[in-house]
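Data block below; observations after.
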Amino acid sequence: MKGNILNSSLLIFKKDLKSELRTRYVINSLLMFVLVTISVIRFALGDEKTENELLTGLLWISIFFSTSNGLSRTFVKEEERETSIVLKLSSDSTAVLTGKILFNLVLSFALNILILILFILITDYSVKNVTGFLITVIIGNFGLVAASTIIAAIISKANSKGTLYPVLSFPVLLPLLITVINATKLASLGVGTEKLYGEITILVSYTIVITVVSYMLFRFVWED
Amino acid sequence: MSNVEIVCNKLSKSFSGKSIFKNLDLKISAKESLTVTGRNGTGKSTLIKVLAGLLLQSKGSISINENNVSLRRENWFAKTGLLSPYFNLYDELTGFENLDFFYRLKSDVKDENENPETVNSLLQEVNLFDKRNEQVKNYSSGMKQRLKLAFAVINKPDILFMDEPRSNLDKYGIEIMNRIALQHKERGILIIATNDEEDKQLCDNSLNIEDYK
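Order-wise, the sequence lines are chains A and B.
In case it helps, my numbering puts the first sequence at residues 1 to 224.
In case it helps, my numbering puts the second sequence at residues 1001 to 1213.
The structure is reproduced here in structure tokens:
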């Protein structure tokens, strides 16, 4: 508690990373989930020539379900294994949330790089404006992680954790998903980055609002 | 010695309208100790959780040195230590990694390479130094309880709460637990929830939770 928040956040992040690398609690199931999803998409598409508009939608379906499968575990794991009390007794709630967001960011980015590589390898997906595409995917990921982490904290206190996550996350993530799918679709078709300014502004605003609300709410969720 | 003081005023707790205890007044100062007794299911652990700040009371107030606990529970956690059967430490980390993690969180140690003498001496005190590099999942239940005991006192708390501290401990483990409890009693407040006669002898005062129904 005496330690500063940044220091404590990094300690929690490192603990989560070490713990995950040892138990493979999330990584293994996520890898399998990604492989199965990408394989299903491959079989569904067959040898058909598919437009980028449709492929962008399929890409974000893969990203959304994979991340929601993994990111929701971060707090559920603490509750299920009865370790949340020791964390609560030892650290400031802001540090806990920051540490969990950092861990989810690393997990989400690693996962998305894997999904993107596999997706490009098995489909005809091509990106004409790579800079615009990467900017929207990166900001979209920040928004996805910020929203998913606070929702994960909320559902970890509920009895029906698994079913509650999609119910809660869908309405919260809908504005983000619509915007990010549209922006990545335009970037993949070759629309210039300057013309994506509107979508990028919405994504940045969404991420900032969700992050601020998360920090305001988290103490009440965590200490309940 | 700390000059800590806990004051509870008309403390009540209920779950879904069912009263667990009510109108509990309590005042304990440093170097005082208390056992909370009562049959199973009568609310001993609930009282410990409320006093430790893990549960909010339904009515009444708890203050430490005249500061209201409910307003900023993190400040309260910094002054307390808790040994309870309702939590676990991290199974996939070693005993040393667990205590080092919590020591760094609770103190202000920033240097990654700083030799945490406190952690090593605590591990020696609970007789787990030789097993410090083994993952906790390989510990016996008695060893886990001793590690939890070390966790409870890692921040040299002003107030130590122990809920059924003898759980899973053998004779040797109980000696360690008694020694740590007595050491703590010399400088702070000790509150034990138990029905064990030997535990009761560790404390000066006793409170039967069933008197507050």
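Cβ atoms here follow ideal geometry from the backbone N, Cα and C, with glycine treated the same way.
Quick one: does residue i have its CB under 8 Å from some CB of chain B?
i: I85 (chain A); result: yes
i: E79 (chain A); result: no
i: S90 (chain A); result: yes
i: E51 (chain A); result: no
i: E194 (chain A); result: no
i: K15 (chain A); result: yes
i: S9 (chain A); result: no
i: E82 (chain A); result: yes
Along the chain, where does the beta strand (DSSP E) containing residue i start, and where does it finish?
i: E1005 (chain B); result: E1005 to F1015
i: N1205 (chain B); result: N1205 to N1208
Check the Cβ of residue i against every Cβ in chain A and list those closer than 9 Å, keeping chain order.
i: N1195 (chain B); result: Residues of chain A passing the Cβ test: none, with the nearest at roughly 23 Å.
Mind pulling the chain B residues with CB within less than 8 Å of residue i?
i: E223 (chain A); result: R1073
Any beta-carbon of chain A closer than 8 Å to the one on residue i?
i: L1089 (chain B); result: yes
i: F1161 (chain B); result: no
i: K1059 (chain B); result: no
i: Y1139 (chain B); result: no
i: F1101 (chain B); result: yes
i: L1054 (chain B); result: yes
i: Y1172 (chain B); result: no
i: Y1086 (chain B); result: yes
What residue range does the alpha helix (DSSP H) around residue i cover?
i: F1087 (chain B); result: Per DSSP, F1087 (chain B) belongs to no alpha helix (DSSP H) and is neither H nor E.
i: G99 (chain A); result: S93 to I122
i: E1138 (chain B); result: Reading the sequence as shown, one finds Asn at residue 1138 (chain B) and not Glu. Element bounds for N1138 (chain B): n/a, residue is neither H nor E.
i: N1120 (chain B); result: E1117 to E1125
i: L1093 (chain B); result: Taken as a continuous stretch (DSSP letters only), L1093 (chain B) belongs to no alpha helix (DSSP H), as it is neither H nor E.
i: R73 (chain A); result: R73 to E80
i: A158 (chain A); result: Looking at the DSSP string, A158 (chain A) is not in any alpha helix (DSSP H), and its letter there is neither H nor E.
i: E223 (chain A); result: Y197 to E223
i: T88 (chain A); result: It is Lys, not Thr, that sits at residue 88 (chain A) in the sequence shown. Where K88 (chain A) is concerned, the enclosing alpha helix (DSSP H) stretches over S84 to S90.
i: R42 (chain A); result: I27 to L45
In chain A, which residues lie with their C-beta within 7 Å of the C-beta of residue i?
i: E1092 (chain B); result: S19, R22 and T23
i: R1146 (chain B); result: Within 7 Å Cβ-Cβ: nothing; R1146 (chain B) doesn't reach chain A, min ~15 Å.
i: K1224 (chain B); result: The question about residue 1224 (chain B) has no answer, for chain B in this structure spans 1001 to 1213.
i: L1082 (chain B); result: L89
i: F1096 (chain B); result: By Cβ distance, chain A contributes nothing, its closest Cβ being about 13 Å from F1096 (chain B), past 7 Å.
So residue i and residue j are in contact, right, with Cβ under 8 Å, and what is the actual spacing, rounded?
i: G1188 (chain B); j: V1004 (chain B); result: 6 Å
i: N1208 (chain B); j: G1038 (chain B); result: 6 Å
i: G1060 (chain B); j: S1012 (chain B); result: 5 Å
i: G140 (chain A); j: I210 (chain A); result: Not quite, the Cβ-Cβ distance comes to about 12 Å (not below 8 Å), so this is no contact.
i: W60 (chain A); j: V172 (chain A); result: Not a contact, Cβ separation roughly 16 Å.
i: L45 (chain A); j: T123 (chain A); result: 6 Å
i: R1166 (chain B); j: D1199 (chain B); result: 7 Å
i: A146 (chain A); j: T207 (chain A); result: 6 Å
i: L1190 (chain B); j: L1160 (chain B); result: 5 Å
i: I115 (chain A); j: V34 (chain A); result: 6 Å
Please state the DSSP three-state secondary structure of residue i.
i: V1036 (chain B); result: strand
i: N7 (chain A); result: helix
i: G1052 (chain B); result: Reading the sequence as shown, one finds Ala at residue 1052 (chain B) and not Gly. Residue state, collapsed to three classes: helix.
i: A1193 (chain B); result: strand
i: D1170 (chain B); result: coil
i: T1046 (chain B); result: helix
i: G192 (chain A); result: coil
i: S225 (chain A); result: Because residue 225 (chain A) is not part of the residues shown, which for chain A are 1 to 224, the question remains open.
i: S1029 (chain B); result: strand
i: N141 (chain A); result: helix
i: L1160 (chain B); result: strand
i: K1059 (chain B); result: strand
i: K1022 (chain B); result: strand
i: N1155 (chain B); result: coil
i: N1133 (chain B); result: coil
i: T50 (chain A); result: coil
i: T1080 (chain B); result: strand
i: N129 (chain A); result: coil
i: N1067 (chain B); result: strand
i: A1181 (chain B); result: helix
i: K1200 (chain B); result: helix
i: R1073 (chain B); result: helix
Heavy atom of the ligand GDP less than 7 Å from the Cβ of residue i, yes or no?
i: N129 (chain A); result: With respect to small molecules bound, the structure shown includes none, and the ligand GDP cannot be examined in it.
Mind listing the chain A neighbours of residue i? Cutoff is C-beta to C-beta under 8 Å, in chain order.
i: F1151 (chain B); result: V86
i: F1077 (chain B); result: M1, K88, L89 and S90
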